[in-house]
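Asker: Supplied in structure tokens, the structure appears directly below.
2 protein chains.
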Amino acid sequence: MARTSLRLSDQVCFALYAASRAVTGLYRPMLDELGLTYPQYLVMLVLWEHRSTTVKELSATLQLDSGTLSPLLKRMEASGLVRRQRRPDDERSVEITLTDKGMALRDEARPVPGRLVRTLEISGDELVSLRALLRRITAAALPEGMENWESAGAVHGGSGSDRGRASRRGA
Amino acid sequence: MARTSLRLSDQVCFALYAASRAVTGLYRPMLDELGLTYPQYLVMLVLWEHRSTTVKELSATLQLDSGTLSPLLKRMEASGLVRRQRRPDDERSVEITLTDKGMALRDEARPVPGRLVRTLEISGDELVSLRALLRRITAAALPEGMENWESAGAVHGGSGSDRGRASRRGA
DNA sequence: CGCCGATTAATTGTGTACAATTGAATTGTG
DNA sequence: CACAATTCAATTGTACACAATTAATCGGCG
């Protein structure tokens, strides 16, 4: 009575992986028109909310490390959407700021989420409960010490002391 | 009363993307011990069920194109898990077969799904309904003509006439 | 038989992901 | 103040993803 099997069709994880890629594919034609990739769009979402942030904050919010973000942000700077500059008060930090062009793009992006949800043919209730479940899974899957990264959700004031970063060193 | 917003925390799609990567990260240490990456593990799941398949079938099942699969399968051949050979009856097709080493790996992989589900701390019921919802989303997000790719689920006999492949050419 | 369109993988090029390392800047401690 | 430990971003190297192109093969049709 094996509770879990090795059948592909039994794997929730594959369903998650396939759904994520399929949905990203849905975004692609819309984001192409904006000149964005999906991860770049996520960075823009953060900036449209906060106007300015740092690589570290982006890393915590999107759960992407500097190895991914550094070249990505460099490309976004090259396409004129953001500015990257070392902070005067802490030269280790790099501040990411929206340019006028980046801010202007917001209006063109506004119809995107609605169009996407309509294509998915899913009810609002399902959407809400799906999101909650996915967050629980993400929290459970994240390494020790950062299970509640999303409480940063809005990054209100600026304390943001998110320590932790367990090592996850392999064998 | 904007029904959809540009707030990152409202985006189910981000929740999906983050959850998928977080769960893949959970697999990583386990799969490292088997010498597999997550996409390679998915290929092994298919082969453990069918012993032999083709690039085309893998592409349909995993929703990955030859640009991803070709180098991936070459690496798996290099590590001795599979054999790749043109089909004698149709030289366009490439048949992927398990080696003894590939078959042997199945026993080591058996505890993986169970360990994973336990870490996610999620009930069996939730798992089942989550999987169903994710499949609906995937089907809705896939291009015209392949909404029901999963009916192939088990690839029983071998008819598998999966035509379609809408072009999705961009702007 | 000979050609044409379709099928199938492989290749090319760009853009993530992520582990591991590097290097500069800062902080904590004596 | 000196200096070791920490923080932060960038770099390096490997492995996906995916669009677009290429190349070989097959199937049908006159």
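Chain order of the listed sequences is A and B.
For the first sequence, the working numbering gives the first residue as 1, with consecutive numbering after it.
For the second sequence, the working numbering gives the first residue as 1001, with consecutive numbering after it.
Glycine is no exception: its CB is placed at the ideal position from the N, C-alpha and C atoms.
Since we're looking at a predicted model, the values are computed, not measured.
So is B/P1113 buried or exposed if we call it buried at 16+ other beta carbons inside 10 Å?
Answerer: Looking up residue 1113 of chain B in the second sequence gives position 113. Counting Cβ neighbours within 10 Å, B/P1113 comes out buried, since at least 16 surround it.
Asker: Using only CA atoms, which one of B/D1089, B/S1079, B/P1088, B/R1110 lies nearest to B/Q1040?
Answerer: As a working note, residue 1040 of chain B is residue 40 in the second sequence. Per the Cα distances, B/S1079.
Asker: Exposed or buried, A/Q199, counting other C-beta atoms within 10 Å across all chains shown (16 or more means buried)?
Answerer: This structure does not reach residue 199 of chain A, given that chain A is present from 1 up to 171, and the question cannot be answered.
Asker: Which residues share a DSSP beta bridge with A/E95?
Answerer: Walking along the first sequence from the start, residue 95 of chain A turns up at place 95. According to DSSP, A/E95 bridges with A/T54, A/Q85.
Asker: Verify whether the separation of the beta carbon atoms of B/L1105 and B/L1045 is less than 9 Å.
Answerer: Residue numbering aside, residue 1105 of chain B sits at position 105 when the second sequence is read from its first letter. Residue numbering aside, residue 1045 of chain B sits at position 45 when the second sequence is read from its first letter. For B/L1105 and B/L1045, no; Cβs fall outside 9 Å.
Asker: If you draw a straight line from the C-alpha of B/A1084 to the C-alpha of B/R1075, how long is it?
Answerer: Here the question's residue 1084 of chain B lines up with position 84 in the second sequence. Here the question's residue 1075 of chain B lines up with position 75 in the second sequence. Correcting the residue type first, residue 1084 of chain B is Arg in the shown sequence and not Ala. Roughly 11 Å between the two C-alpha positions.
Asker: What residues of chain B sit near A/R7, judged by a beta carbon separation below 8 Å?
Answerer: By one-based count along the first sequence, residue 7 of chain A stands at place 7. Within chain B, the residues near A/R7 are L1045, E1049.
Asker: Below 6 Å CB to CB, which residues in the same chain sit around B/S1093 once its five sequence neighbours on both sides are set aside?
Answerer: In the second sequence, the residue the question calls residue 1093 of chain B occupies position 93. These residues qualify, in order along the chain: T1054, R1087.
Asker: Assign B/R1007 to one of three DSSP states: helix, strand, or coil.
Answerer: The count along the second sequence starts at 1 and reaches residue 1007 of chain B at position 7. It is coil, neither helix nor strand.
Asker: Tell me whether A/R7 counts as near the ligand FAD, meaning its Cβ is closer than 8 Å to at least one heavy atom of that ligand.
Answerer: Absent from the structure shown: the ligand FAD. Ligands present: none.
Asker: Less than 9 Å separating the beta-carbons of B/S1129 and A/L16?
Answerer: The residue given as residue 1129 of chain B occupies position 129 in the second sequence. The residue given as residue 16 of chain A occupies position 16 in the first sequence. No. Outside cutoff.
Asker: Can the beta-carbon of A/L120 be found closer than 9 Å to that of B/E1126?
Answerer: On the first sequence, residue 120 of chain A is found 120 positions in, with the first residue counted as 1. On the second sequence, residue 1126 of chain B is found 126 positions in, with the first residue counted as 1. Not closer than 9 Å, so no.
Asker: Around the Cβ of A/T97, are there at least 16 other Cβ atoms within 10 angstroms (buried) or fewer (exposed)?
Answerer: For the purposes of this step, residue 97 of chain A is taken as residue 97 along the first sequence, with counting starting at 1. So A/T97 counts as exposed.
Asker: Report the residues of the segment 12-24 of chain A with a CB closer than 8 Å to any CB of chain B, ordered along the chain.
Answerer: Listed by position, the residues of the segment 12-24 of chain A near chain B (Cβ gap below 8 Å) are V12, C13, F14, A15, L16, Y17, A18, A19, S20, R21, A22, V23, T24.
Asker: Is there a C-beta anywhere in chain B that falls below 9 Å from the one on A/E126?
Answerer: Taking the first sequence and counting its residues from 1, the one referred to as residue 126 of chain A is at position 126. Yes, contact with chain B.
Asker: Distance, Cα to Cα, A/D89 vs B/L1036?
Answerer: On the first sequence, position 89 is the one that residue 89 of chain A refers to. On the second sequence, position 36 is the one that residue 1036 of chain B refers to. Looking at the two C-alpha atoms, the distance is approximately 44 Å.
Asker: With 16 as the cutoff for other CB atoms within 10 Å, does B/R1131 come out buried or exposed?
Answerer: As a working note, residue 1131 of chain B is residue 131 in the second sequence. Buried.
Asker: Less than 9 Å between CB atoms is the rule here; does A/G170 satisfy it with respect to chain B?
Answerer: Counted from its first residue, the first sequence places residue 170 of chain A at position 170. The predicted position of A/G170 is uncertain, since its pLDDT is 32 and thus under 50; a value taken from the coordinates is nonetheless stated next. Chain B contact via Cβ: present.
Asker: Please name the residue in A/L142, A/W48, A/P111 whose C-alpha comes closest to that of A/V82.
Answerer: One-based indexing of the first sequence puts residue 82 of chain A at position 82. For A/V82, the nearest C-alpha among the options comes from A/W48.
Asker: Would you mind working out which of B/L1058, B/D1100, B/R1118, B/P1029 sits nearest A/L187, comparing C-alpha positions?
Answerer: Missing from the structure shown is residue 187 of chain A; chain A here goes from 1 to 171 and no further.
Asker: Considering only their Cβ atoms, is the gap separating A/T138 from B/C1013 smaller than 9 Å?
Answerer: Here residue 1013 of chain B refers to the residue found at position 13 of the second sequence. Here residue 138 of chain A refers to the residue found at position 138 of the first sequence. No, the pair does not count as a contact, with Cβ atoms beyond the cut-off.
Asker: Using beta carbons (cut-off 9 Å, strictly below), is A/V82 in contact with chain B?
Answerer: On the first sequence, residue 82 of chain A is found 82 positions in, with the first residue counted as 1. It does not; no Cβ of chain B falls within 9 Å.
Asker: Quick one: which chain B residues come within Cβ less than 8 Å of A/L58?
Answerer: Residue numbering aside, residue 58 of chain A sits at position 58 when the first sequence is read from its first letter. Simply none; closest approach about 11 Å.
Asker: For a contact defined as C-beta to C-beta under 7 Å, what are the partners of B/V1117 on chain A?
Answerer: The sequence position of residue 1117 of chain B within the second sequence is 117, counting from 1. Near B/V1117 (Cβ distances below 7 Å), the residues of chain A are T4.
Asker: Against chain B, does A/A109 count as a neighbour if the rule is that its beta carbon must be under 9 Å from one of theirs?
Answerer: The sequence position of residue 109 of chain A within the first sequence is 109, counting from 1. By this cut-off, A/A109 is an interface position.
Asker: Applying the criterion that 16 or more other CB atoms from any shown protein chain within 10 Å of the CB defines a buried residue, is B/G1124 buried or exposed?
Answerer: Translated into the one-based positions of the second sequence, residue 1124 of chain B becomes position 124. When all chains shown are included, B/G1124 counts as exposed.
Asker: Restricting to Cα atoms, I'd like to know which of B/L1031, B/V1043, B/R1118 is closest to B/L1073.
Answerer: Reading the second sequence from its first residue, position 73 is the one you call residue 1073 of chain B. Among B/L1031, B/V1043, B/R1118, the Cα nearest to that of B/L1073 is on B/V1043.
Asker: Which residue's Cα is closest to the Cα of A/R28: A/R135, A/T4, A/G67, A/R115?
Answerer: Here residue 28 of chain A corresponds to residue number 28 of the first sequence, with the count starting at 1. Comparing Cα-Cα distances from A/R28 to each of A/R135, A/T4, A/G67, A/R115, the minimum goes to A/R115.
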